[in-house]
Amino acid sequence: MAVQIETVRPKQGDAADAKPDLERIEVELLLEGVYRQYGFDFRSYAYASIRRRLWKRIESEGLTSLSALQERVLHEPEMMEKLLLDLSINVTAMFRDPGFYVAFREKVIPMLRTYPFIRLWHAGCSTGEEVFSMAILLKEEGLYERSRIYATDINEVVLQRAKGGIFPIDRMQEYTDNYIRAGGKSSFSEYYTAKYGGALFSPSLTKNVVFSQHNLVTDKSFSEFNVILCRNVLIYFDKELQTKVHELFYGSLSMFGLLCLGSKESMRFMRYEQCYEQVSGEKIYRKVK
Amino acid sequence: MTTPGVVAIGTSWGGLSALGRILSSLPGDFRSPIIVVQHRSKDSDNLLAKLLQDISDLKIHEAEDKDTLLPSHVYVAPADYHLLVDAGEVSLTVDAPFRYSRPSIDVAFESVARSFGSAAIGVVLTGANDDGARGLARIIALGGQGIVEDPKTAEMPVMPEAAKRASPSAEVLPLQDIPARLVRMVNAPGQMKRKAG
Ligand SMILES: C[S@@+](CC[C@H](N)C(=O)[O-])C[C@H]1O[C@@H](n2cnc3c(N)ncnc32)[C@H](O)[C@@H]1O
Chain H
8 MAVQIETVRP
18 KQGDAADAKP
28 DLERIEVELL
38 LEGVYRQYGF
48 DFRSYAYASI
58 RRRLWKRIES
68 EGLTSLSALQ
78 ERVLHEPEMM
88 EKLLLDLSIN
98 VTAMFRDPGF
108 YVAFREKVIP
118 MLRTYPFIRL
128 WHAGCSTGEE
138 VFSMAILLKE
148 EGLYERSRIY
158 ATDINEVVLQ
168 RAKGGIFPID
178 RMQEYTDNYI
188 RAGGKSSFSE
198 YYTAKYGGAL
208 FSPSLTKNVV
218 FSQHNLVTDK
228 SFSEFNVILC
238 RNVLIYFDKE
248 LQTKVHELFY
258 GSLSMFGLLC
268 LGSKESMRFM
278 RYEQCYEQVS
288 GEKIYRKVK
Chain G
2 MTTPGVVAIG
12 TSWGGLSALG
22 RILSSLPGDF
32 RSPIIVVQHR
42 SKDSDNLLAK
52 LLQDISDLKI
62 HEAEDKDTLL
72 PSHVYVAPAD
82 YHLLVDAGEV
92 SLTVDAPFRY
102 SRPSIDVAFE
112 SVARSFGSAA
122 IGVVLTGAND
132 DGARGLARII
142 ALGGQGIVED
152 PKTAEMPVMP
162 EAAKRASPSA
172 EVLPLQDIPA
182 RLVRMVNAPG
192 QMKRKAG
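The listed protein sequences correspond, in order, to chains H and G. Residue 296 is where the first sequence ends in this note's numbering, and the numbering goes up by one at each step. Residue 198 is where the second sequence ends in this note's numbering, and the numbering goes up by one at each step.
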C-alpha cells in the first residue's frame with residue numbers, strides 16, 4: 008500500500024473539539040472589526056501568535072472570552088491602544104545570531120566589494136539594533152562609506168527609538184559577546200558612550216541610514232536594492248501574506264541581490280524559491296533569475 | 002478516521018537522556034507528530050535534533066516556521082524561539098522569554114491545548130524549574146491528557162513535581178513506561194477512553 012502523508016489537523020465535529028473552531032471564528036471576527044473600525048490590518052498575521060496575544064489581553068483585563076474583548080476593543084479606543092501594543096512584537100537584539108553575521112562577512116561582503124555603491128534595506132527593523140549591527144559590520148569591512156541603508160518598520164514609535172541611537176546599557180554585555188562571536192574586528196565599547204542612562208551609539212553609524220515608515224502589507228516597493236534583510240518579521244505573517252511579501256522583495260532586489268531571512272525562516276513552498284540560490288545555511292539567498 | 006492529535010514533550014535539565022529514552026523506544030509508525038521543547042542555551046545549534054536522530058526511528062527536525070505537522074515526525078523547538086502551533090502547522094515567534102525561558106514549555110503547551118483540545122497529549126519530564134506546569138494544566142483543562150514523569154526516575158525532580166502539583170489528574174509514570182503508554186494512547190486510541198471527562 009502506498010504511504011499516505013496526511014496533514015494532522017485538530018479533530019472536527021465532535022463536541023469536545025468544537026472549541027478550537029469557534030475560537031477561530033471569534034478571532035477572525037475581532038480582527039475584521041479592528042480593521043474596519045480602526046484600519047489596523049492583522050487579518051493575515053500568524054494565527055497562533057495573534058491568538059496568544061489576544062488571550063493574554065483577555066486575561067489581564069479579567070475578561071473570559073474573545074467576544075467580550077471584541078466588545079471592549081470596538082467601543083473603547085483605549086482598549087485598542089493596549090491591544091496594539093500587545094500585537095506589536097518589537098523584540099530585537101544587536102548581533103542576534105552571531106553566525107549570521109559571520110556568514111554575511113564571509114559570503115556576502117566579497118560580492119558587495121565589487122559594487123561601487125551598495126543599497127541595503129532592513130525591512131521590519133524595529134528599534135534599530137540590527138541596523139546598527141550592520142552599520143558596524145560594513146564599517147569594519149571598509150564598505151560603509153559607499154553604502155546606504157534604508158531601515159523601515161510599520162511602527163513609528165520604534166523608528167523614533169531607532170533614530171535616537173540609545174540602547175539599554177544593561178544589554179551591552181550580551182551584545183559585546185554577540186559582537187565578538189559575530190567576528191567583530193574592533194572593541195565593541197568603541198562604538199558607544201554611556202549617556203542619558205543608556206548606551207549612546209556613535210552618530211557616524213547612522214549618517215548613511217534613512218529611517219522611514221513602511222508597511223510590508225500595503226506599501227509598494229520604493230527602490231531597488233542589493234541586499235534586503237528581513238529577519239523574524241515574516242514569522243508573524245501567515246503563509247499567504249508571506250508569499251505576497253516575497254513578491255515585494257523579489258521585485259525590489261537587483262539581479263544577484265541578496266535576501267537575508269531569520270535563521271528559522273525559509274523559502275520553502277514560496278513561489279519565488281526557484282528564483283534564488285541559497286548561498287549559506289544561514290538563510291542567505293541570492294536572486295539568480 | 003480519527004486523527005492522532007499531537008504529543009508535546011517538555012523538559013529541561015537532564016532532558017537529553019530522558020528524551021533519548023523515549024524517542025528511541027517509539028516505533029517508526031507512531032501516528033502523531035511530536036513536539037519537543039527542551040530548554041537550552043540560546044546559541045545552541047541543531048545538534049540536539051542530530052543526536053536524537055541517531056537513536057530514533059522517527060524523523061527528527063529542528064522546527065522551522067510554518068513546518069507542516071506530520072505523523073511520526075518530531076519537531077524540536079529551536080533555541081531562542083517560542084514554538085506555537087496553529088492547526089497543522091508550526092508557528093515560531095521571537096516574543097520575549099516567558100518566565101526566563103525561550104523556548105518556553107508553557108507557551109508551547111498552551112498553544113497545543115488551544116489548537117488540539119482533547120486530541121492533545123502533554124508530557125513533562127525531568128527539569129530544574131517549574132516550566133510546563135501551567136501548560137500541562139491548560140492541556141488538561143481543555144480536554145487533553147497529561148503524563149508526568151515520576152519524580153523518582155527524574156534526574157531533576159523539580160519540574161515533574163511542579164507539574165504533578167498543578168495537574169493532580171495527570172498520569173504519573175516512571176520514564177521507562179512512558180513510551181509504551183504513548184503508543185497505546187496514540188496508535189490504539191480505542192483504549193484511551195478511561196481518562197475522558
Ligand atoms: C520581532 S521584530 C524583528 C526585528 C528585527 N528584524 C530582528 O530580527 O531582530 C518584528 C518587527 O516587524 C515589524 N512589523 C510587523 N508588521 C509589519 C508590517 N506589516 N510592515 C513592516 N513591519 C512590520 C514590527 O513592528 C517589529 O518591529
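Each residue gets a CB set at the ideal place from its N, CA and C atoms; glycine is no exception. Keep in mind that this is a model prediction, so the values were computed, not measured.
Closest Cα partner of residue i within the set the options
| i | options | result |
| --- | --- | --- |
| H/M179 | H/K89, H/M87, H/A100 and H/E147 | H/A100 |
| G/A97 | H/L94, H/P105 and H/Y108 | H/L94 |
| G/T154 | G/K67, G/D30 and G/A19 | G/A19 |
| G/Q54 | G/H40, G/A129 and G/G29 | G/G29 |
| G/R135 | G/G6, G/G11 and G/V7 | G/G11 |
| H/V240 | H/E147, H/K63, H/S273 and H/W62 | H/S273 |
| G/S102 | G/G133, G/A88 and G/L176 | G/G133 |
| H/D104 | G/P161, G/D44 and G/S170 | G/D44 |
| H/F263 | H/D226, H/E231 and H/L38 | H/E231 |
| H/M87 | H/D226, H/L265, H/F124 and H/V41 | H/V41 |
| G/E90 | G/S26, G/Y82, G/D68 and G/F110 | G/D68 |
| H/T121 | H/C132, H/G131, H/E148 and H/A130 | H/E148 |
| G/S13 | G/V37, G/I23 and G/L27 | G/V37 |
| G/P34 | G/F117, G/S168 and G/D131 | G/F117 |
| G/A64 | G/D58, G/L49 and G/R115 | G/L49 |
| H/Q285 | H/F47, H/Y279 and H/R293 | H/R293 |
Under 7 Å from the C-beta of residue i: neighbouring residues of chain H
| i | result |
| --- | --- |
| G/K67 | K246 |
| G/P79 | K271 |
| G/Y82 | K271 |
| G/S112 | A55 and R59 |
Backbone secondary structure at residue i - three-state DSSP
| i | result |
| --- | --- |
| H/I168 | Contrary to the premise, residue 168 of chain H reads as Arg rather than Ile in this sequence. DSSP places H/R168 in helix when its eight states are reduced to three. |
| H/R293 | strand |
| G/F117 | helix |
| G/S160 | The sequence shown places Met at residue 160 of chain G, rather than the Ser named in the question. The answer is helix: DSSP assigns G/M160 an H, G or I state. |
| G/S45 | coil |
| H/Y283 | strand |
| G/G11 | strand |
| G/R100 | coil |
| H/G264 | strand |
| G/M193 | Residue placement at G/M193 is poorly supported in this model, since its pLDDT is 48, which falls under 50; the coordinates are not used for a value here. |
| H/A23 | The predicted position of H/A23 is uncertain, since its pLDDT is 44 and thus under 50; a value taken from the coordinates is nonetheless stated next. It is helical. |
| G/T127 | coil |
| H/L207 | strand |
| H/I143 | helix |
| G/G21 | helix |
| G/D107 | helix |
| G/K153 | coil |
| H/K202 | strand |
| H/F102 | coil |
| H/A189 | coil |
| H/Q11 | Note that H/Q11 scores a pLDDT of 46, beneath 50, so its modelled location is shaky; the value from the coordinates is reported in the next line. In this structure, H/Q11 counts as coil in the three-state DSSP scheme. |
| H/I176 | helix |
| H/E6 | Nothing about residue 6 of chain H can be read from this structure; chain H reaches only from 8 to 296. |
| H/I161 | coil |
Rounded distance between the beta-carbons of residue j and residue i, thought under 8 Å
| i | j | result |
| --- | --- | --- |
| H/S219 | H/T159 | 6 Å |
| H/Y52 | H/F256 | No, H/Y52 and H/F256 are not in contact; Cβ-Cβ is about 18 Å, not under 8 Å. |
| G/Y76 | G/L70 | 7 Å |
| H/V217 | H/L127 | About 11 Å separates the two Cβ atoms, so there is no contact after all. |
| H/K271 | G/D66 | 5 Å |
| H/F341 | H/F208 | Coverage of chain H is limited to positions 8 through 296, which leaves residue 341 of chain H absent and any answer about it impossible. |
| G/S80 | G/S42 | In the sequence under discussion, the amino acid at residue 80 of chain G is Ala, which differs from the Ser named in the question. Contact holds; Cβ gap of about 7 Å. |
| G/L59 | G/H74 | 7 Å |
| G/I179 | G/I56 | Going by Cβ atoms, the distance from G/I179 to G/I56 rounds to 16 Å, so no, they are not a contact pair. |
Proximal chain H residues relative to residue i, where beta-carbon distance stays under 9 Å
| i | result |
| --- | --- |
| G/A97 | I96 and V98 |
| G/V86 | A55 |
Contacts of residue i in chain G (Cβ-Cβ under 8 Å)
| i | result |
| --- | --- |
| H/A110 | Within 8 Å Cβ-Cβ: nothing; H/A110 doesn't reach chain G, min ~13 Å. |
| H/E6 | Since the first and last residues shown for chain H are 8 and 296, residue 6 of chain H lies out of range. |
Proximal residues of chain G, C-beta to C-beta of residue i below 7 Å
| i | result |
| --- | --- |
| H/R58 | R115 |
| H/N239 | V95 |
| H/Y52 | Going along chain G, no residue has its Cβ under 7 Å from H/Y52, so there is no contact; the nearest lies around 10 Å. |
Beta-carbon neighbours of residue i, restricted to chain H and to distances below 8 Å
| i | result |
| --- | --- |
| G/S105 | Within 8 Å Cβ-Cβ: nothing; G/S105 doesn't reach chain H, min ~11 Å. |
| G/S92 | A53, Y54, A55, S56 and I242 |
Do the region 162-179 of chain H and the region 189-207 of chain H touch if we need at least three Cβ pairs shorter than 8 Å?
Verdict: yes, contact present.
Determine, using beta-carbon pairs with one atom in the region 27-36 of chain H and one in the region 69-87 of chain H, whether at least three such pairs fall under 8 Å.
The region 27-36 of chain H, when compared against the region 69-87 of chain H, does touch it at the 8 Å Cβ threshold.
Would you be able to state if there are at least three C-beta pairs under 8 Å between the region 137-157 of chain G and the region 111-126 of chain G?
Result yes; three or more Cβ-Cβ pairs closer than 8 Å.
Counting Cβ pairs, one atom from each stretch, are 3 or more of them under 8 Å apart for the region 221-237 of chain H and the region 257-269 of chain H?
These segments touch.
Can you confirm whether the region 106-115 of chain H touches the region 178-194 of chain H when touching is taken to mean that 3 or more C-beta pairs between the two stretches lie within less than 8 Å?
As far as the Cβ criterion goes, the region 178-194 of chain H touches the region 106-115 of chain H, which means the pair count is three or higher.
Looking at C-beta atoms only, is the number of pairs between the region 77-93 of chain H and the region 112-122 of chain H that lie closer than 8 Å three or more?
Counting C-beta pairs with one atom in each stretch, the region 77-93 of chain H and the region 112-122 of chain H have fewer than three that are closer than 8 Å, which means they do not touch.
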